[in-house]
Amino acid sequence: MSREQPSAGPLITFAQFLLTALLTCPSFLSLSAGPRSIFLSPRAIPLKSWLVYTAYFVSVNLLNNWAFAYKISVPLHIILRSGGPVASMVIGYFFNTKRYSRGQILAVAMLTLGVVAAALSDAAAKGQSIGLGASGDASSSAIMNTAAGFTMLALAMILSAFQGIYADRLYATYGRDHWKEALFYSHTLSLPLFLPTYPQVSSQWRALLASPPLLDKLVAFTARSEHLHASTSPLFASGSSYLMDVVASQLLLVQKNNWIRPLLAAFPVQVAYLLMNILTQYLCIRGVHLLSARSSSLTVTIVLNIRKLVSLLLSIYLFGNSLAPGVLVGAAFVFVGGGLYGFEGARLRKASLKRE
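The end of the sequence shown is residue 654 by my numbering, with every number in the run present.
Structure follows, in structure tokens:
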């Protein structure tokens, strides 16, 4: 979706926030609270604190999605965002009096290097450019575009680290059982901030509605799957090609259904992509908020880094791409770094309990 509609960042962010606000709203509605409280249950954490948290949250999400409009490639996007644990560690050290052991520092370095190596190697294997604008024929406007996108991602990474520190302080003060409240208020309070972007969001929505029907994409996918199946020897068929065959056969049945086929022919494919994006993002952000209430902001960024690599490996498997040696090396670095961070955290907790 980011490739076909690179300027759809604000629309994607708004749709993600709207769905999350709607799905979490029933848990906080209370008719007995009365109109003075807008029929919302009493909060465990003051509204002023949620306003500050929301300002961080919406800024990070908008900057990350807006970066695609500046021709930032997906590999470069992954590489830049993989610096999250480093930013969290540096900002935690200078602004939150956090101190880290050598083992934790080594673990974060291995994680970051692993994700960067895997993204670079996968991009090289697919013949993709990371889009740094360093080639001799790159125009000055292309370089400026890339620089603007790079700046947005760097700023988002720094703000995300400050957001994590702020969340740590809130949970330390008011208790760590309020992640659902954080999920609801951070998304609901963000919605009015999208009013200035209404013209842009509206034009992006019209562009999505004008995209080809979903049926055309499904027909092309099943045809491509049948061609790959016919040209691949059973001896060399991979698990991913088998999975694609299963998916293609089910999609073929759906396409032949007299009730569903007209709906697929009328449903824009980009809207389908948007729906899949916001549903999976809801599951992701729900897990992130739950994790942030149970652990430190650094741990959250490390888990998200590991998730990036797992997503990369999964995409390689599902789409039948070759696994470049650099991806394997990067994966080894990430998983060893993740294990080292977990081991070091357990060691430090045990040492702290002994001192007490």
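All residues carry an ideal CB built from backbone N, CA and C; glycine is no exception. Values in this document were obtained by computation on a predicted structure and should not be read as measured data.
What's the C-alpha gap between Phe565 and Pro510? 8 Å
Short of 6 Å in beta carbon distance, which residues of its chain neighbour Ala649, apart from the five on each side in sequence? Order them along the chain. none
Ile336 classed as buried or exposed, judged by whether at least 16 other C-beta atoms fall within 10 angstroms: exposed
Could you have a look at Leu487 and say whether DSSP puts it in helix, strand or coil? coil
Looking at Ile377: is its Cβ nearer than 9 Å to the Cβ of Leu418? yes
Measure how close the beta-carbons of Val697 and Leu506 come, nearest whole angstrom, since I'm counting them as under 8 Å. Not covered by the structure: residue 697. The range shown for the chain is 299 to 654.
I need the DSSP call for Pro511, collapsed to helix, strand or coil. strand
First through last residue of the alpha helix (DSSP H) which encompasses Arg400: Arg400 to Ala423
Just to confirm the assignment: which complete alpha helix (DSSP H) runs, minimum length 4, are found wholly within the segment 443-495? 477-486
Look at the alpha carbon of Asn575 and the alpha carbon of Ala416, and state the distance between them as a whole number of angstroms. 23 Å
Cβ contact check for the segment 475-483 and the segment 315-322: 3 or more pairs under 8 Å: yes
Tell me whether Pro497 sits in a helix, a strand or coil according to DSSP, three-state version. helix
For Thr444 and Ala432, the rounded distance between their alpha carbons: Since pLDDT at Ala432 reaches only 45, below the 50 mark, its modelled position is unreliable, and the value read off the structure follows with that caveat. Answer to the nearest angstrom: the Cα atoms are 10 Å apart.
Does the beta-carbon of Phe534 have 16 or more other beta-carbons within 10 angstroms, so that it is buried, or is it exposed? Low confidence applies to Phe534: its pLDDT is 40, below 50, so where it sits in the model is not reliable, and the reading given next is rough at best. Answer is exposed; the Cβ neighbour count stays below 16.
Candidates Arg379, Ala591 and Ala423: closest to Tyr464 by CA position: Ala591
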